[in-house]
Amino acid sequence: MRAQFRMLGDLLLENAKDRILEMKKSLLLEQAKIQANLKKKYRERVNRMREDFVERSNNLINTRSSELLLEFKEKFIKLKNDLVRKLKQNVQERMEEKIREKFDEYTAFMVEEIQIFIQEHGLSGPMHLILNSNDRKAFKGNLESQIHHINEEITIVETVHESKGGFILFHNESGINLDMRFSTILNTTDEYLENTFANSFDNINFNEVEMKLAHYVKHESKEIENYLKHQENE
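Its first residue numbered 366, the sequence shown is counted upward by one per residue in this note's numbering.
Put into structure tokens, the structure is as follows:
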């Protein structure tokens with residue numbers, strides 16, 4: 366993946382070079398037309414115009430290179446965010462698929478997690494097990510009997526806000542809850558995914574593109590100055 370990002374950075378750099386080269390040609394053509402119409406008696410004025418033109422050209426190239434670099438960074442960030450979003454979506458779809466394939470194992474997993482949570486916190490008394498509508502229908506009967514072996518005061522209810530799957534166990538008296546919804550589990554992986562992609566980018570693309578672009582801008586600016594000096598001496 367790092368090689369692919371490095372290749373993308375190089376392609377974007379070449380695109381920036383082409384744009385700057387076109388700009389340079391346009392600027393030099395403009396200056397050539399100006400000098401062709403000037404006379405020797407306006408030499409002092411030409412010098413002032415040349416200095417102003419060099420400064421304006423450098424400012425324009427530097428500004429454009431900064432804009433291009435920002436544009437590249439935004440594209441990289443968008444690419445990274447799209448990849449993270451698609452990865453999370455694929456993981457969720459895979460989770461849902463696995464649950465459909467191994468529903469009994471998922472039920473056993475839920476019961477075990479609930480039992481561990483209740484024991485660790487020493488909870489008793491009324492509780493609510495909150496499921497989405499699809500899971501509520503699927504678990505009805507089988508899950509209720511298993512849950513009531515743990516605590517007869519657990520009531521299974523449907524969530525008001527529909528979720529993709531998973532469950533929430535809520536202890537009425539203390540307000541303590543076990544949130545095992547898919548969306549919550551996936552959100553806890555955000556930092557891991559961000560770090561994974563950050564390590565893949567490793568700032569190599571941004572830094573290398575920025576350094577190469579700065580070197581290219583400096584080179585092109587110097588060429589403009591040399592060209593103008595040559596035109597002045599002719």
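Note that CB positions come from ideal geometry on N, CA and C, so glycine has one too.
Just so we're clear, the structure is a prediction, and the values are computed from it rather than from any experiment.
Classify residue i as buried or exposed, calling it buried when 16 or more other Cβ atoms lie within 10 Å of its own Cβ.
i, result
"Phe-468", "exposed"
"Asn-446", "exposed"
"Asn-497", "buried"
"Gly-490", "exposed"
"Asp-500", "buried"
"Leu-386", "exposed"
If you draw a straight line from the alpha carbon of residue i to that of residue j, how long is it in whole angstroms?
i, j, result
"Leu-448", "Ile-442", "10 Å"
"Glu-485", "Glu-523", "25 Å"
"Lys-453", "Leu-551", "7 Å"
"Thr-549", "Leu-444", "24 Å"
"Leu-434", "Tyr-557", "27 Å"
"Arg-459", "Arg-429", "45 Å"
"Asn-455", "Ile-481", "29 Å"
"Glu-436", "Asn-424", "18 Å"
"Lys-398", "Glu-439", "38 Å"
"Ile-541", "Ala-473", "22 Å"
"Lys-382", "Glu-432", "13 Å"
"Glu-379", "Lys-390", "16 Å"
"Asn-560", "Met-545", "23 Å"
"Asp-417", "Arg-384", "22 Å"
"Lys-502", "Glu-466", "17 Å"
"Lys-555", "Arg-450", "Residue identity check: residue 555 is Asp in the sequence provided, not Lys. One C-alpha to the other measures close to 10 Å."
With residue i and residue j assumed to form a contact (beta carbons below 8 Å), what rounded beta-carbon distance in angstroms separates them?
i, j, result
"Met-492", "His-536", "5 Å"
"Ile-512", "Ile-479", "7 Å"
"Ile-521", "Leu-508", "7 Å"
Out of the options, which one is the CA nearest neighbour of residue i?
i, options, result
"Glu-517", "Asn-499, Leu-494, Lys-438", "Leu-494"
"Glu-477", "Arg-421, Arg-413, Leu-543, Glu-538", "Leu-543"
"Ile-515", "Arg-413, Glu-538, Asp-555, Ile-483", "Ile-483"
By Cβ distance, which residues of its chain are closer than 6 Å to residue i, with the 5 residues on each side in sequence left out?
i, result
"Leu-488", "His-536"
"Tyr-471", "Ile-464"
"Arg-421", "none"
"Glu-629", "Shown here, the chain extends from 366 to 599; a query on residue 629 therefore has no answer."
Ordered along the chain, which non-local residues of its own chain (more than five positions away) have a Cβ less than 8 Å from that of residue i?
i, result
"Ser-510", "none"
Please return the same chain residues whose Cβ sits closer than 7 Å to the Cβ of residue i, not counting the five positions on each side in sequence.
i, result
"Thr-553", "none"
"Arg-413", "none"
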